[in-house]
Amino acid sequence: MSFDLMVIGAGPAGLSAAAEAASHGLKVAVFDENALPGGQLFKQIHKFFGSKEHKAKMRGIDIGIELLEETDSLGVKVFLNSPVVGLYKNREIVVRQKETVRHFKADSIIVATGASENLLPFDGWTLPGVMGAGAAQTMMNINRVKPGNRVLMLGSGNVGLVVGFQLLQAGCELVAIADAAPRIGGYGVHASKLTRTGVPFYLSHTIMRAEGRENVTGVVIGQVDENWQHIPDTEKHFEVDTICLAVGLSPSAQLLKMAGCKMSQNGTPVCDKSGETSLYNIFAAGDVSGIEEASSAMIEGRISAAAAAKKLGFISEKSFQKRSGELDAALSELRQGMFAPQNRNAPLEKTDEGFNISKSLLKKGYITEEEISEYPGFKPGAGIRPVIECTQNIPCDPCRDICPKGCIKVENIVSLPVYDENTNCTGCGLCVAACPGQAIFLTDDRPGKVEEGKVAITIPYEFLPLPEKVGPGMAYDRSGAPLCPAYVSKIQESAFLGKTPLVTFVVPKNMAMRARFWKAV
Amino acid sequence: MRIINHPILGEAAPRKNITFNFNGEEMTGFSGEPIAAALRANNIIIHRYTRKFHSPRGVFCAIGRCTDCVMIVNGRPNVRTCVTALEEGMTVTTQYGAGGGA
Ligand SMILES: Cc1cc2nc3c(=O)[nH]c(=O)nc-3n(C[C@H](O)[C@H](O)[C@H](O)COP(=O)(O)OP(=O)(O)OC[C@H]3O[C@@H](n4cnc5c(N)ncnc54)[C@H](O)[C@@H]3O)c2cc1C
Ligand code: SF4
Ligand code: SF4
Ligand code: FES
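If you read the sequences in order, they're chains H and X.
So the first sequence is numbered by our numbering: it starts at 5 and just counts up by one.
So the second sequence is numbered by our numbering: it starts at 115 and just counts up by one.
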């Protein structure tokens, strides 16, 4: 069998590359070692950041379904259970299928093999119950089995934060998130989703040991100083049956190395702008060429595929320039803001707009009341209105896009959202549900709708069971501390809300800017 | 340990219940799910013991990469249970060392 293009890896990068190439008329085959296509995407049950063109506010799993429909309709051939075990610079690959080994050849190859999770050796790390965060995600979101009952998450990057939240959604207890770094590595909004439910963060803490003889029964963490040295007598013990490691990913670049691609110091292949490696017509796209996101992986895949299409003469230089111009623009939008690859080690002090970045958010996972009040999304007042607690420059703007009344402004994709008080919010709740960071709340004290002296607060609530209407409960603040009794006045679920139910609860007016979560009592 | 209803993924689709044998004990699981998932649902998390130090191992990567989860399946040692589908009547046995026998 011969193909114009072979893609190794059916994750977001590989599938996007295949779809793009097939749309230009190339005969494409994709190989993946897994029994299911999609790579990481089908584990990502949360809504993605970005802009409309990056499929923002869609869940990874739904993006995966869409991508598969696209490759299907374009006639892309996908070989599953087909690990690629060899890659040669004459663009030949060796694939293991069942008990046999097959060779394939193509004019062009895109390697999109993704990344694998880093290990972290510590006392007891091989005990059953210690696992990668990705493993936990596979078990709960694909296999639908809880990885454990009580979990400690090690690592506060976006992976640790997202998987931590998904553990709660699966019904596990998350006892803490610990990280040796002095500040939370992932987005503040992801951290805050956890903190308000009561999950504590331990920054500048590292794991001392996992306890248990046959399997994990507990964990001990301890504080470290600026030089990562353990500070005596700071140990904290937790009873857990599971320890999840979210301590980074490394590119799975073995095939590229084997083929003889020039590699850089950090283990990624040296590539030109289109992802072409040092070997003619062999490209690398997605996490294998540098750890980023599914959103950027998908664009990188398309850029490489468009370049391959041009080199093989399927599209003209002119249409290539046009297409790659669009794709480059979309990619550079995503690579902005304080969490962008080039800013990874910069101190987080001020936003682009000059606001102070919350120290408490970086250390404890929640913003304090004093800190939040200076932000442009936070304008307490009468009537019904959104309160936007999004305080870091991240590439994201669905809140602006979805509001039918133009109440929310986001100047460029990484700017902080601004609530425009001269608009008429109807309280439709679309922004609350759409926000991937779950950082928007509604407050409502309209006379006639809400009792005198009270305020109704609407929050996104992606947990089960949903509260019962007029059910008694307790309101919690941003730090997860109980505030006051609160009853639920409304529960909204509809297709428009994209599986993010909205819960409205009623509290005394002076709690309007404090109550951010609700639990049944 | 089964997640019956999930806030985002909804209710679990009905799957075929089957029986399999773990270390001589009859257990139930779903046809086609990874063996490791069925074991976890039955609260089994130790899959093997290493040869030299006899230390226990369980699921670590869940995607077939690390080989921590290998067991003896239908008499064959070193089967990665996190990526091998469960079948009716399978025998699954804890592996000691290279799996040549306990
Ligand atoms: C917990 C978590 C949360 C995340 N959240 C987000 C988010 O909110 N937004 C976002 O944009 N990104 C997110 N990401 C990142 C995103 O998932 C990855 O960046 C993205 O999946 C990378 O895509 P990829 O196609 O390069 O690799 P992958 O998705 O890893 O796919 C690689 C594929 O290659 C296959 N493969 C590897 N080697 C071989 C071989 N030798 N032969 C055959 N097949 C092979 C693998 O089986 C796999 O299917 C998250 C990641 C994690 C872990
Ligand atoms: S509730 Fe509706 S109208 Fe009000 S800001 Fe949000 S999206 Fe706009
Ligand atoms: S408030 Fe707007 S910009 Fe911030 S995370 Fe939510 S949708 Fe994105
Ligand atoms: S858990 Fe890693 S191979 Fe099965």
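Ideal placement from N, C-alpha and C gives every residue a C-beta, glycine not left out.
Quantities reported herein were computed from a predicted structural model and do not represent experimental measurements.
Item: X:L200 at chain H interface by Cβ criterion, 8 Å; Value: no
Item: Proximity test, Cβ basis, 8 Å: X:V184 and chain H; Value: no
Item: H:I371 vs H:T395 beta-carbon contact at 8 Å; Value: yes
Item: Closer than 8 Å to chain H by CB, X:F134; Value: no
Item: Cβ-heavy atom distance, H:G401 to ligand 3, below 7 Å; Value: This sequence places Asp at residue 401 of chain H; Gly is not what is there. Yes - ligand 3 has a heavy atom lying nearer than 7 Å to the Cβ of H:D401.
Item: Interfacial residues, the stretch 119-143 of chain X to chain H, with Cβ spacing under 8 Å; Value: N119, H120, P121, I122, L123, A126
Item: Own chain, CB closer than 7 Å to H:I146, minus 5 neighbours either side, in chain order; Value: F46, K47
Item: Contacting positions in the stretch 460-473 of chain H - beta carbon closer than 9 Å to chain X; Value: Y465, E466, F467, L468, P469, L470
Item: Three or more C-beta pairs below 8 Å linking the stretch 321-341 of chain H and the stretch 406-421 of chain H; Value: yes
Item: Proximity of X:G143 and X:I158 at Cβ, strictly below 8 Å; Value: no
Item: Contact test: H:T430 Cβ vs ligand 2 heavy atom, cutoff 7 Å; Value: yes
Item: Chain-ordered list of residues that sit, by beta carbon, closer than 6 Å to a heavy atom of ligand 4; Value: X:V173, X:F174, X:C175, X:A176, X:G178, X:R179, X:C180, X:T181, X:D182, X:C183, X:R194, X:C196
Item: X:H168 in three-state terms, based on DSSP; Value: coil
Item: Cβ of X:R165 within 8 Å of any chain H Cβ; Value: no
Item: H:I412: CB within 7 Å of a non-hydrogen atom of ligand 6; Value: What this structure holds is ligand 1, ligand 2, ligand 3 and ligand 4, not ligand 6.
Item: Nearest-angstrom Cα separation, counted from H:I181 out to H:G164; Value: 8 Å
Item: Cβ-Cβ distance between H:Q173 and X:I118 below 8 Å; Value: no
Item: Neighbourhood of H:Q442 by C-beta distance below 6 Å, restricted to the same chain and skipping five residues each side; Value: K197, P464
Item: Continuous alpha helix (DSSP H) stretch holding H:N162: start and end; Value: 162-173
Item: Contact residues within the stretch 142-170 of chain H, judged by C-beta distance below 9 Å to chain X; Value: T142, M143, M144, N145, I146, N147, R148, V149, K150, P151, G152, N153, Q170
Item: First and last residue of the uninterrupted beta strand (DSSP E) at H:M10; Value: 6-12
Item: Chain X contact residues for H:G136, given Cβ-Cβ distances below 7 Å; Value: F174, C175
Item: Close-in-space but distant-in-sequence residues of the same chain around H:M267 (CB under 8 Å, 5 per side omitted); Value: A257, L260, K261, P273, V274
Item: In DSSP terms, what H:T395 is bridged to; Value: DSSP, once it has assigned bridges, lists no residue as partnering H:T395.
Item: H:R482 (DSSP reduced to helix, strand or coil); Value: coil
Item: Alpha-carbon to alpha-carbon, X:R190 and X:N137; Value: 14 Å
Item: Under the three-state DSSP convention, the category X:N222 falls into; Value: Because chain X is modelled from 115 through 216, residue 222 of chain X falls outside the range shown and cannot be assessed.
Item: Heavy atom of ligand 1 within 7 Å of H:Q543 beta-carbon; Value: Lying before the first or after the last residue shown, residue 543 of chain H is absent from chain H, which here runs from 5 to 525.
Item: Any chain X beta carbon closer than 8 Å to H:S27; Value: no
Item: Contact between the stretch 78-87 of chain H and the stretch 34-41 of chain H (3+ Cβ pairs under 8 Å); Value: yes
Item: C-alpha gap between H:E378 and H:L253, whole angstroms; Value: 36 Å
Item: 8 Å Cβ cutoff, H:I49 in contact with chain X; Value: yes
Item: Opposing strand residues paired with H:L331 [DSSP bridges]; Value: Answer by DSSP bridge pairing: none, since H:L331 is not bridged.
Item: heavy atom of ligand 3 below 7 Å from H:V134 C-beta; Value: no
Item: Cβ neighbour criterion (16 or more within 10 Å) applied to H:Y284; Value: exposed
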